[in-house]
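**Q**
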Amino acid sequence: MPPSPGLPRGTKIDESTTPREAERASRALPPAPADESFGGRSQHDANADIEHEPPGATLAEVARALADAFHAAPEWSAPSLLAAGSSVVGSRRAFVRVAVGGILESLSRPLPDSPRLLARLIADLPGFAASFRRGTRRTPVRIRSRAIAPTRAVGPGPRVDTVVDLARLLGVTVGRLEWFADTQGWNRLAEEGPLHHYRYEWRVRPGRVPRLLEVPLDRLRTMQRIILDELLTPMPLHDAAHGFVAGRSAITGAAEHTGRDVVIGLDLVSFFASVTAKQIYGLFRRAGLPETVAHLLTGVCTHSVPPRVLRAMPAGGSASARFALRQALSMPHLPQGAPSSPALANLSLQRLDSRLAGWADAFGATYTRYADDLAFSGDASLASMVREFVRGATAIVVDSGHTINAPKTRIRRAGTRQTVTGIVVNATTAPGRREYDRLRAVVHNCVTHGPEGQNRDGHPAFRQQLLGRIAWVSQLHPERGARLRREFELIRW
240 MPPSPGLPRG TKIDESTTPR EAERASRALP PAPADESFGG RSQHDANADI
290 EHEPPGATLA EVARALADAF HAAPEWSAPS LLAAGSSVVG SRRAFVRVAV
340 GGILESLSRP LPDSPRLLAR LIADLPGFAA SFRRGTRRTP VRIRSRAIAP
390 TRAVGPGPRV DTVVDLARLL GVTVGRLEWF ADTQGWNRLA EEGPLHHYRY
440 EWRVRPGRVP RLLEVPLDRL RTMQRIILDE LLTPMPLHDA AHGFVAGRSA
490 ITGAAEHTGR DVVIGLDLVS FFASVTAKQI YGLFRRAGLP ETVAHLLTGV
540 CTHSVPPRVL RAMPAGGSAS ARFALRQALS MPHLPQGAPS SPALANLSLQ
590 RLDSRLAGWA DAFGATYTRY ADDLAFSGDA SLASMVREFV RGATAIVVDS
640 GHTINAPKTR IRRAGTRQTV TGIVVNATTA PGRREYDRLR AVVHNCVTHG
690 PEGQNRDGHP AFRQQLLGRI AWVSQLHPER GARLRREFEL IRW
């Protein structure tokens, strides 16, 4: 008999026994004798608990099939769930009764749109695994059908009820969507090549741990941009967030802290890398997206850095800080460089923002956040209890799964130069003197010596970059901005 189509060339098939004959033979085997030393169970049974792997569906597959069936059942009752479970794995299966009894005892009502969670609960029920092994030792389970429980997205943004809806929104097939999501993390271990969807660039920072830019390639970046525009932008943010938010900026955040007795600045460590896939999945679920959709969205928006990239980390920073960064980057996290990461980071920090805003309010203080830069300000009551305030704020941050960069903590009282995100806030918002003087010197040298030798950072669009910096100064100090703009017009490009 020729080999079956699709098998590798040279594959041999054992034709001595047909599948039906093998099944009849297994049913004809006599039961093994009981061994009283194992409490009435035979040595064969004890070993089978560990080694037996049924040729049919696995325990995890059966648990998922039962979860889907229970979700699609017309009623959350024992008769309805028993009928639903029996329809997918067959009647007279004792483990179905175990699953129904255990789930009804644990859950008084169905979990809304959570088949994966329900499957894990079924698989972990006391007695389910043992009942499954006993019931499948001689008669393997065949999943006869798969029940489909309808899901429905709620909340702002377009309706994305199914994986097919998500693939259509992102402009890819379901297969390519699963490849880009890579929820099992296979691509991380693949050799460098077309399977990878990111390019990497280490940025050296003198005396500090280097920063890794994880830049998605074109197709993935387009998908992440669609997710940002269609799903993330409509989601509400905390009022304290001013970074990467339409209508807000570093200037609007700094303006909240002008003319205060004390300004406190705290800095988060590894802002993007410390936001985990678990947090992002929870965010999508709380936003009302179905479980399977949230699972794939999390895969598309998070990333695990390959070991070869981590091994190439340049020198810089303490050993403990380098180890912590490598650990964070090796796990699924928000990649710094993806268009969806800033919005997701803001959304994932909403609870932290709420807690810090509440802590500040207890001291009569104001709180804002621009990316990883936390700013607090207040009057005499806060100024008299700065140590207690910083200690409490740090504890809240740590409890939320983040870390404060202690060396960058800043406490500036009235009479000293108070800044928030590089903007002076003593009386009104103004550009920092050092930053302004540096920009004025660059513009003057461009006029005197030509712009070619002044682009020391190698910026590809140096003219536009200078204009952007001048526009930023103009927003804070229109008179200074106008002077810079007049001198800029004298440059010969």
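Numbering (the numbering used here), first residue to last: 240 to 732. Glycine included, every Cβ here is placed at the ideal spot set by N, Cα and C. Since this is a predicted model, take the numbers as computed values, not measurements.
Thr-297 to Met-474, Cα distance in whole Å?
**A** When rounded, the distance between both Cα atoms is 40 angstroms.
**Q** So, with DSSP's three-state summary, where would you put Ile-709?
**A** Here Ile-709 sits in helix by DSSP.
**Q** Identify every residue that forms a DSSP beta bridge with Ile-662.
**A** Val-659, Pro-670.
**Q** Flag this pair as yes or no: are the beta carbons of His-310 and Pro-365 separated by less than 8 angstroms?
**A** Not in contact: His-310 and Pro-365 (Cβ atoms no closer than 8 angstroms).
**Q** Ordered along the chain, which non-local residues of its own chain (more than five positions away) have a Cβ less than 8 angstroms from that of Glu-530?
**A** Hits under 8 angstroms: Asp-352, Ser-353, Pro-354, Arg-355, Leu-356, Thr-390, Arg-524.
**Q** Please list the terminal residues of the continuous alpha helix (DSSP H) segment that includes Gly-324.
**A** Segment 317-328, the alpha helix (DSSP H) holding Gly-324.
**Q** Checking 8 angstroms against the spacing of the C-beta atoms, do Ser-543 and Pro-571 come in under that value?
**A** The answer is yes: Cβ separation under 8 angstroms.
**Q** Return helix, strand or coil for Arg-266, following the three-state DSSP convention.
**A** Bear in mind that a pLDDT of 41 at Arg-266, under 50, signals an unreliable position, so the number given afterwards is only what the model happens to contain. Helix.
**Q** Less than 6 angstroms between C-beta atoms, sequence neighbours within five positions excluded: which residues of the same chain meet that for Asp-253?
**A** Confidence in Asp-253 is poor, its pLDDT being 40 and thus under 50, which makes the residue's placement too unreliable to answer from.
**Q** Rounded to whole angstroms, what's the CA-CA distance from Ala-322 to Leu-528? Just pull it up for me.
**A** Answer to the nearest angstrom: the Cα atoms are 29 angstroms apart.
**Q** Can you name, in chain order, every residue of its own chain whose Cβ lies under 7 angstroms from the Cβ of Phe-367, other than the five neighbours on each side?
**A** Once the five neighbours on either side are set aside, the close Cβ partners of Phe-367 are Phe-334, Val-337, Ala-338, Gly-341, Ile-361.
**Q** Report yes if the CB atom of Val-664 is closer than 8 angstroms to the CB atom of His-436, and no otherwise.
**A** Against a cut-off of 8 angstroms, the Cβ pair of His-436 and Val-664 comes out as no contact.
**Q** Mapping the DSSP letters down to three states, classify Val-514 as helix, strand or coil.
**A** Val-514 falls in the coil class under three-state DSSP.
**Q** Report the rounded CA-to-CA distance for Arg-731 versus Glu-718, giving the unit in angstroms.
**A** Computed Cα separation, rounded: 23 angstroms.
**Q** So who's on the other strand from Phe-615, going by DSSP bridges?
**A** Answer by DSSP bridge pairing, in chain order: Ile-503, Tyr-606.
**Q** Nearest by alpha-carbon distance to Arg-381: which of Asp-500, Val-327, Glu-344 is it?
**A** Residue Val-327 is the option with its Cα nearest to Arg-381.
**Q** Alpha carbons only, please: which of Ser-620, Gly-603, Ala-596 is nearest the one belonging to Leu-613?
**A** For Leu-613, the nearest C-alpha among the options comes from Ala-596.
**Q** Between the stretch 538-558 and the stretch 443-454, do at least 3 Cβ pairs fall closer than 8 angstroms?
**A** A contact exists between the stretch 538-558 and the stretch 443-454.
**Q** Answer with buried or exposed for Pro-433, where buried requires no fewer than 16 other C-beta atoms within 10 angstroms of its C-beta.
**A** When all chains shown are included, Pro-433 counts as exposed.
**Q** Please determine if the stretch 559-568 and the stretch 479-493 are in contact, where contact requires at least 3 C-beta pairs separated by less than 8 angstroms.
**A** No: fewer than three Cβ pairs fall under 8 angstroms.
**Q** Could one say the Cβ of Gly-446 lies closer than 8 angstroms to chain C's Cβ atoms, at least one of them?
**A** Included in the structure is just one protein chain, with no chain C present.
**Q** Rounded to a whole number of angstroms, what is the C-alpha to C-alpha distance between Leu-715 and Gln-693?
**A** Approximately 24 angstroms between the Cα atoms of the pair.
**Q** Does the Cβ of Leu-212 have 16 or more other Cβ atoms within 10 Å, making it buried, or fewer, making it exposed?
**A** With the chain covering 240 to 732 only, the question about residue 212 has no answer from this structure.
**Q** Here's a check: name, in chain order, each residue in its chain whose Cβ is nearer than 6 angstroms to the Cβ of Arg-594, leaving out the five neighbours to either side.
**A** For Arg-594, where only same-chain residues beyond five positions count, the Cβ hits under 6 angstroms are Ile-635.
**Q** List the DSSP bridge partners of Pro-808.
**A** In the structure as shown, the chain begins at 240 and stops at 732. Residue 808 is therefore absent and cannot be evaluated.
**Q** Assign Val-443 to one of three DSSP states: helix, strand, or coil.
**A** The answer is strand: DSSP assigns Val-443 an E or B state.
**Q** Looking at the structure shown, is Ala-480 part of a helix, part of a strand, or coil, going by DSSP?
**A** If DSSP states are grouped into helix, strand and coil, Ala-480 belongs with the strands.
**Q** Starting from the Cα of Ser-713, find the closest Cα among Asp-696, Arg-679, Pro-690, Pro-699 and give me that residue.
**A** Selected option, being the one with the closest Cα: Arg-679.
**Q** Can you grab the Cα-Cα spacing for the pair Ile-662 / Ala-308, in whole Å?
**A** The straight-line gap from Cα to Cα measures roughly 59 angstroms.
**Q** Name, in chain order, the residues that DSSP records as bridge partners for Arg-450.
**A** In DSSP, Arg-450 forms a bridge with Arg-442.
**Q** For the putative contact between Asp-478 and Gly-617, defined by C-beta atoms under 8 angstroms, what is the C-beta separation to the nearest angstrom?
**A** Contact flag wrong, Cβ pair sits at about 17 angstroms.
**Q** Quick one, which of Asp-404, Leu-505, Arg-444 has its alpha-carbon nearest Thr-658's?
**A** Taking only the C-alpha atoms, the option nearest Thr-658 is Leu-505.
**Q** By a C-beta neighbour count over all protein chains shown, 10 Å radius and 16 as the cutoff for buried, is His-698 buried or exposed?
**A** Exposed is the call here.
**Q** When the Cα atoms are used, what is the spatial distance from Met-462 to Gly-707?
**A** Straight-line Cα distance between these residues: approximately 28 angstroms.
**Q** Nearest by alpha-carbon distance to Ala-619: which of Ala-632, Asp-611, Phe-483, Gly-603 is it?
**A** Out of Ala-632, Asp-611, Phe-483, Gly-603, Gly-603 has the C-alpha closest to the C-alpha of Ala-619.
**Q** At the level of alpha carbons, what is the spacing between Ala-558 and Tyr-439?
**A** About 22 angstroms.
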